[in-house]
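Here's the structure, in structure tokens; my notes come after.
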Amino acid sequence: MDAARNRRSHGLIWIWTLFVALVIYLPVACGALAGLSKGRYFLFPIRAFSFEWWEKTLDSLEIQRIVQTSILIALIVTLVSLAIAFFGALAFARYDWRGRRLYQKLLLLPIFFPQPVLGLALLLWFNALGIQPSWHTAIVAHLVWIVPVVTLVIAIQVYGFDPAMEEAAADLGAGRWMILKDVTLPILWPGIWSGALFAFLLSWGNFPLSLYTAGADSTIPKWLYSKMVAGYTPMVPALGTMSTLAAATLLLLGGAIAGFVRKRRAN
Amino acid sequence: MSDAALGAAGTTTGESRPKGRALRGIPAGVRCASPVALFMALGFLAPLLTVIGFAFAEPRTFTVFDSFTLENFAEIFDPADTVWMSFAWSLALALLTVVLLLFVCYPIAYGLVRVFGRWSSLVSIAFVFPLFISENVRLYGWTLFFINHGVLDGLLAQLGLPGPDVLFTPAITLFGMVYTYLPFMLFPMTLGLSMVPADLVEAARDFGASRTMIWREIELPLAMPGILIGALLTFVLAAGAVAEAKILGGQSVIMISHDIEIAFTYSQNWPRGAALAVLLMLVIGGLSMAVMARLDLDRILGRR
Numbered sequence: 001m002d003a004a005r006n007r008r009s010h011g012l013i014w015i016w017t018l019f020v021a022l023v024i025y026l027p028v029a030c031g032a033l034a035g036l037s038k039g040r041y042f043l044f045p046i047r048a049f050s051f052e053w054w055e056k057t058l059d060s061l062e063i064q065r066i067v068q069t070s071i072l073i074a075l076i077v078t079l080v081s082l083a084i085a086f087f088g089a090l091a092f093a094r095y096d097w098r099g100r101r102l103y104q105k106l107l108l109l110p111i112f113f114p115q116p117v118l119g120l121a122l123l124l125w126f127n128a129l130g131i132q133p134s135w136h137t138a139i140v141a142h143l144v145w146i147v148p149v150v151t152l153v154i155a156i157q158v159y160g161f162d163p164a165m166e167e168a169a170a171d172l173g174a175g176r177w178m179i180l181k182d183v184t185l186p187i188l189w190p191g192i193w194s195g196a197l198f199a200f201l202l203s204w205g206n207f208p209l210s211l212y213t214a215g216a217d218s219t220i221p222k223w224l225y226s227k228m229v230a231g232y233t234p235m236v237p238a239l240g241t242m243s244t245l246a247a248a249t250l251l252l253l254g255g256a257i258a259g260f261v262r263k264r265r266a267n
Numbered sequence: 001m002s003d004a005a006l007g008a009a010g011t012t013t014g015e016s017r018p019k020g021r022a023l024r025g026i027p028a029g030v031r032c033a034s035p036v037a038l039f040m041a042l043g044f045l046a047p048l049l050t051v052i053g054f055a056f057a058e059p060r061t062f063t064v065f066d067s068f069t070l071e072n073f074a075e076i077f078d079p080a081d082t083v084w085m086s087f088a089w090s091l092a093l094a095l096l097t098v099v100l101l102l103f104v105c106y107p108i109a110y111g112l113v114r115v116f117g118r119w120s121s122l123v124s125i126a127f128v129f130p131l132f133i134s135e136n137v138r139l140y141g142w143t144l145f146f147i148n149h150g151v152l153d154g155l156l157a158q159l160g161l162p163g164p165d166v167l168f169t170p171a172i173t174l175f176g177m178v179y180t181y182l183p184f185m186l187f188p189m190t191l192g193l194s195m196v197p198a199d200l201v202e203a204a205r206d207f208g209a210s211r212t213m214i215w216r217e218i219e220l221p222l223a224m225p226g227i228l229i230g231a232l233l234t235f236v237l238a239a240g241a242v243a244e245a246k247i248l249g250g251q252s253v254i255m256i257s258h259d260i261e262i263a264f265t266y267s268q269n270w271p272r273g274a275a276l277a278v279l280l281m282l283v284i285g286g287l288s289m290a291v292m293a294r295l296d297l298d299r300i301l302g303r304r
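Top line first, the protein sequences correspond to chains A and B.
Residue numbers are given in full-length UniProt numbering: position 201 of the first sequence equals residue 201, and the series is strictly consecutive.
Residue numbers are given in full-length UniProt numbering: position 272 of the second sequence equals residue 272, and the series is strictly consecutive.
Encoded structure:
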């Protein structure tokens, strides 16, 4: 009787989870439909499908520029956040030092902070410093939020790392660089790789920080918002869908590469 | 050789030899933490201090630390000022978001830990991925779903039913918030539930404990750190949310972040915006500190 009850509750959990997942992707699907429908205004059921808005979006010079800006910001954010967060994660999880507990908690504060308010605070700070906001300042803003996230992602990997490995390498006469290159980095590699994916994708999809700190420059989410508020065109859902597909492709590619490397190492 | 290295590093273990003489004697942890600490001091602490500075500046001025007045706060607490309503809406909707998400996420988190088995990672990815789509794109998708001649309206019309009238209401704002912040509740909660040892539950069942008893006496207390982090995270983020009210709610509800934004932009009254931000920061900062003081992050993240 217990087993039957268990099976039933497990079934309910599966149904609920699938339902919520469906609800989560429903608006994404609506956006995809709107971007593919012919005509200036969205009407459902869709009368005719066409790629005309996709073509217009791909042809637009303005959109090409903001896509380039978005990619550039995300790339720089990824590189800088990895460099800072790698050492930050070692301090978070690997070494015992006085002040570590406080450091762990303070580091989480930017994650526990509403991004619109953080963006406005940064805007005031740049202004007080006399810095004109542009895509450069947006990089700094993204980093304030993404560095703690990447630090956490790498730190989780560091927790599973046995310090004895480094000690053994040192005992065998390996230098500092050699230990880092041949022992520490290869072991922490999966954490660093997922940290990099997180950094790129979170920067790619970030809206509130870019909105307030990018000045006259625009990123994809910021441009989409300006069109949502004033001047809808089907290019909005079209570009939104493309941006989503790009993120999904990158995530799949990243996962595939990680799986491939793990397999090669196992052999 | 390694003895010398360990000696130089003091209490840290497995320390490789510091290269520069100046770095000798500084614990490795401090050296590793310093780039992050420096960046956060400049990119997080300094902006917050600037906001606090502006909160005490004369209204409608644009220089910080030049003047000192409490006028901005007096204005906000003046009963004639209706900004308290934005605070009330934001905090009430944030609280409701947390409560609803506790119920929505618990079965999924439980499933991820105990039921889904090898499907768990796929299900997790499905729930993480929306974080990489900007919230305005996802919320706008809901507008297309609910709007006149949109997906829902079109479907109902086919059935000869009247269209929905849910857009631009406080309820749809709440819905948008629950939708946006779901992953922030789900993953800490999953982390918390994964801290409950399965054999402990098994043992309790063997001794004849009922399901409710197991849940109340074992599962809930052991998973509590993760649930608390999830609740705190969603509350704090939802309290500062603004996109849901703008895109779905059609400003039927004014959120506090919107008032802050207006003060900084259209009305060009930075000190007022800063004072509002300081009040919001006091609420969320106080809550975060109170909750985080009770948590042991090493145990939650590292499962040591």
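Every residue, glycine too, gets a C-beta built ideally from N, C-alpha and C.
Nothing here was measured: the structure is a model prediction, and the numbers come from that model.
Leaving aside the five residues that flank Ala48 of chain A on each side, the residues in its chain whose CB is nearer than 8 Å to its CB run, in chain order, Ser37, Lys38, Gly39.
Around the beta carbon of Leu70 of chain B, a 10 Å sphere encloses fewer than 16 other beta carbons of the protein chains shown; the residue is thus reported as exposed.
Contact check for Pro271 of chain B against Thr61 of chain B passes: the beta carbons are separated by less than 8 Å.
Any Cβ of chain B closer than 8 Å to the Cβ of Leu124 of chain A would place that residue at the interface, and such an atom is present. For Leu91 of chain B, the closest C-alpha among the options B:Val201, B:Val283, B:Asp296 is that of B:Val283.
Residues Gly53, Ala57 of the same chain have their beta carbon placed closer than 8 Å to that of Phe65 of chain B, with the five preceding and five following residues left out of the count. When Cβ pairs closer than 8 Å are counted between the two stretches, the segment 72–81 of chain B is seen not to touch the segment 123–133 of chain A, the count staying below three. Ranked by Cα distance from Phe112 of chain A, the options B:Asp296, B:Arg299, B:Leu95, B:Gly286 are led by B:Gly286. Along the length of the segment 49–96 of chain A, whole beta strand (DSSP E) runs at least 3 residues long do not occur.
Leu161 of chain B does not reach chain A, its nearest Cβ partner there being about 14 Å away, counting only Cβ pairs nearer than 8 Å. Every unbroken stretch of the alpha helix (DSSP H) spanning 4 or more residues and falling wholly within the segment 236–304 of chain B is given here in chain order: 243–247, 256–264, 270–292, 297–302. Going by beta carbons, Pro221 of chain B and Gly192 of chain B fall outside the 8 Å limit. Within the same chain, Thr78, Leu82 come within 7 Å of Ala196 of chain A by CB-CB distance, once the 5 residues on both sides are set aside. Nearest CB-CB separation between Arg118 of chain B and chain A: not below the 8 Å threshold. Spanning the alpha carbons of Gly160 of chain A and Ile192 of chain A requires a straight line of approximately 13 Å. Ala46 of chain B and Ile73 of chain A have their C-alpha atoms roughly 22 Å apart. Ile220 of chain A counts as buried, since no fewer than 16 other beta carbons sit within 10 angstroms of its beta carbon. One thing to note: Leu224 of chain A has its Cβ within 8 Å of the Cβ of Asn136 of chain B.
The beta carbon of Met228 of chain A falls within 8 Å of a beta carbon belonging to chain B, placing the residue at that interface.
Residues of the segment 91–123 of chain B whose Cβ lies closer than 7 Å to any Cβ of chain A, in chain order: Val104, Pro107, Ile108, Tyr110, Gly111, Val115, Val123. Under the Cβ criterion (8 Å, minimum of three pairs), the segment 88–104 of chain B counts as touching the segment 241–254 of chain B. Between the alpha carbons of Arg294 of chain B and Gly230 of chain B lies a distance of about 14 Å.
Phe19 of chain A sits exposed, since fewer than 16 C-beta atoms from the chains shown fall within 10 Å of its C-beta.
Fewer than three beta-carbon pairs drawn from the segment 180–192 of chain A and the segment 101–109 of chain B are found closer than 8 Å, and the two stretches are therefore not classed as touching. Assigned with DSSP and collapsed to three states, Ser37 of chain A falls in strand.
Residue contact check for Gly25 of chain B against chain A: no CB pair falls below 8 Å. Assigned with DSSP and collapsed to three states, Val51 of chain B falls in helix.
Between Ala55 of chain B and Val278 of chain B the beta-carbon gap is near 4 Å, inside 8 Å, which marks them as a contact. Cα atoms of Val229 of chain A and Val253 of chain B: separation of roughly 17 Å, rounded to the nearest angstrom.
Residues of chain B with a Cβ closer than 7 Å to the Cβ of Trp223 of chain A do not exist; the shortest Cβ-Cβ separation is about 10 Å. Annotated as distal: Leu131 of chain B and Gly176 of chain B, with beta-carbon spacing of 8 Å or more. Within the same chain, Pro208, Leu209 come within 6 Å of Gln115 of chain A by CB-CB distance, once the 5 residues on both sides are set aside.
Measuring C-alpha to C-alpha distances from Thr69 of chain A to each of A:Ile257, A:Ala199, A:Asp217, A:Ala34 identifies A:Asp217 as the nearest. Within a 10 Å sphere around the beta-carbon of Gln132 of chain A sit fewer than 16 other beta-carbons, which makes this residue exposed. Of the residues A:Ile179, A:Phe198, A:Leu239, A:Ala258, the one whose Cα lies closest to the Cα of Leu75 of chain A is A:Phe198.
Cβ contact annotation for Asn148 of chain B (same chain, cutoff 8 Å, sequence separation greater than five): Gly163, in chain order.
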